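Student: Below you will find the structure I want to go over with you.
Chains as they are written, first to last, in the numbering used here: chain B, 1 to 343; chain E, 1001 to 1072.
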C-alpha cells in the first residue's frame, strides 16, 4: 500500500532477505565453478558460466514454485513469500546470463544473425528427441522477462490484478518449457543421469506440493454450511474462531472470512485486492484485517482500506443466535459498511 | 519451416522495435497518463517500468487510449 511508487520497496527485513539471496547465489556459483574446474578442468569459461547460471536459475525457479504451496500448507513459510518478487527477478537475471552466454557461444560467432541462427541451426522441429531445445529455452526466457519486467506494484495496479495474475501464472508454462529444454538438451548432448535425476526429483516435489495444496483447498471448498429457511446459513459457533483471527467458509460459491475481534464479529470476502491473498489467514493488526501475503489492510466492518488508501472488498451480513453464527450468503457491494455483530 | 521462422522473427523484431519506441513515450509521458500517482515518484521508477512497457506495449497502449477516452 502506498500513495506513490518507490523504485524498490525495501524495509529492514527485505534488505536482509535480499542480502541472503545474493550471498547464497554467489556461494552457489563459486561452489559450482570450483567443483567443475576440479572435476573437469578442460571446461571453457563460457561453458562454465552457461552451466553455473543455468543450474542456478532452475534451482531458484524450483524454490519460487515451492513457496506458494508451502505457505498454503503451513503459514510458517509466509515470511519467504514476502520476498518472492525479488527472488523471481534474481532468477530471471540468472536465466538471462545463461541465455545470453549460450547465444554468444553457440550462435554469434558466424555471419548469421544470432537469433536467426538459434532458430535455424537445428531445424528438426518434427522430431521429439532431436527437437531444437534451445528454442524452448528462448521462449521460456521471454515469459520470464515479461514476468520480471512487470514485478512492480505499478503494473499490478494498472494492468489490473486479474491480467497481472494471468501473466504471472505463465510461470508454469515457462517451467514446462524449461523442463523440456533441460531434458532434451541433456539427451542430445552429454546425457548426465545425475542432473536428470535431480531435475526429476525437483519436478516430483513441485508437483506433489501443488497436488497437496489442491487437495487441502478442495476439502475447504467442499465444506458445507447448513441452510436455514429464511436465507441465512449456519457457519460455526463463536468458540471456533480465535480472537483477532478468522475462519474461512464457502458461501454462494465465494470464500468469505469471518473475523472475531474486540468482542465483535464481521465478515468480508476472503480475497485480497492486491494479489488475491487469503485475508482469512491473516489477523487483526491495529484494528485492521491484515493480509498475510503483503500486509494490505482492510477495516473489518466495511471492507475498506483505511484512508487514504482506496482498496475495497465485499462485506457480508452476520447474525448471532446464542453462540451460533449465521451468514447471509449474498455479497454486499465492495466497501459497504455492516454493523458488526456484538458478542 | 525456414519461411515460418523468418516471418516469426520479422514479427518479433517489429514488435520489439515498436515496443522500444513506445517505451520511450511511456517513460516521458505515458506512465503519468496511465497513473497520475507516478508524477510524485522518482524518475528511476519509470526507468524500472520501461522494460514492462516495451514487452507489453499493446496492452499498455490500449489502457492509455481507453483512459484518454474516459478522461479527455
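We put the beta carbon where it would ideally sit given N, CA and C, even for glycine. In this text the structure is predicted, and so the values were computed from the model without any measurement.
Just grab the DSSP bridge partners of residue 278 of chain B for me.
Tutor: Beta-bridge pairing links residue 278 of chain B to B:271.
Student: Which residues of chain B have a Cβ atom closer than 9 Å to the Cβ of residue 1045 of chain E, listed in chain order?
Tutor: Those within 9 Å of residue 1045 of chain E in chain B are 4, 5, 6, 7, 152, 154.
Student: Keeping to the same chain, check which residues put their C-beta closer than 8 Å to that of residue 110 of chain B; ignore five residues upstream and five downstream.
Tutor: Within the same chain, residue 110 of chain B has close Cβ partners 117.
Student: Determine whether the beta carbon atoms of residue 140 of chain B and residue 95 of chain B lie at a separation below 9 Å.
Tutor: Taking 9 Å as the Cβ cut-off, residue 140 of chain B and residue 95 of chain B qualify as a contacting pair.
Student: Return helix, strand or coil for residue 117 of chain B, following the three-state DSSP convention.
Tutor: Note: residue 117 of chain B maps to helix in three-state DSSP.
Student: Quick one, are the C-beta atoms of residue 246 of chain B and residue 281 of chain B less than 9 Å apart?
Tutor: Cβ distance < 9 Å, so residue 246 of chain B and residue 281 of chain B count as in contact.
Student: Compute the Euclidean distance between the alpha carbons of residue 103 of chain B and residue 283 of chain B, then round it to the nearest angstrom.
Tutor: Those two C-alpha atoms are separated by around 49 Å.
Student: For the region 119-146 of chain B, which residues have a CB atom closer than 9 Å to at least one CB atom of chain E, in sequence order?
Tutor: Those would be 119, 120, 123, 125, 126, 142, 145, 146, in chain order.
Student: How far does the alpha helix (DSSP H) with residue 174 of chain B in it extend, from its first residue to its last?
Tutor: Its alpha helix (DSSP H) spans residues 171-188.
Student: Have a look at residue 159 of chain B and residue 1032 of chain E and give me their C-alpha separation to the nearest angstrom.
Tutor: Taking the straight line from one Cα to the other gives about 14 Å.
Student: Would you list, in sequence order, the uninterrupted alpha helix (DSSP H) runs of no fewer than 4 residues that lie entirely inside the region 95-159 of chain B?
Tutor: Here the runs fully enclosed are 114-120, 133-149, 153-158.
Student: What did DSSP end up calling residue 309 of chain B once you bin it into helix, strand or coil?
Tutor: Of the three classes helix, strand and coil, the one that applies to residue 309 of chain B here is coil, per DSSP.
Student: Comparing the C-beta of residue 162 of chain B with each C-beta of chain E, is any distance below 9 Å?
Tutor: Output row for residue 162 of chain B: interface = no.
Student: List, in chain order, every chain E residue whose beta-carbon is nearer than 7 Å to that of residue 312 of chain B.
Tutor: Within 7 Å Cβ-Cβ: nothing; residue 312 of chain B doesn't reach chain E, min ~17 Å.
Student: With 16 other CB atoms within 10 Å as the buried threshold, where does residue 269 of chain B fall?
Tutor: Buried: at least 16 other Cβ atoms inside 10 Å.
Student: When the Cα atoms are used, what is the spatial distance from residue 274 of chain B to residue 330 of chain B?
Tutor: Near 23 Å, if we compare the C-alpha coordinates of residue 330 of chain B and residue 274 of chain B.
Student: For residue 372 of chain B, would you say it is in contact with chain E, using Cβ-to-Cβ distances shorter than 9 Å as the test?
Tutor: Nothing can be reported for residue 372 of chain B: it is not among the residues displayed for chain B, which extend from 1 to 343.
Student: Across the region 195-204 of chain B and the region 156-170 of chain B, are there enough close Cβ pairs to call them in contact, namely three or more that are closer than 8 Å?
Tutor: Too few Cβ pairs lie closer than 8 Å, so no.
Student: Quick one: which unbroken beta strand (DSSP E) runs of 3-plus residues sit fully inside the region 26-64 of chain B? Chain order, please.
Tutor: Counting only runs of 3 or more, we get nothing.
Student: Using 8 Å for Cβ pairs, my map puts residue 338 of chain B next to residue 315 of chain B. What's the rounded Cβ distance?
Tutor: The Cβ separation is near 5 Å, so the contact holds.
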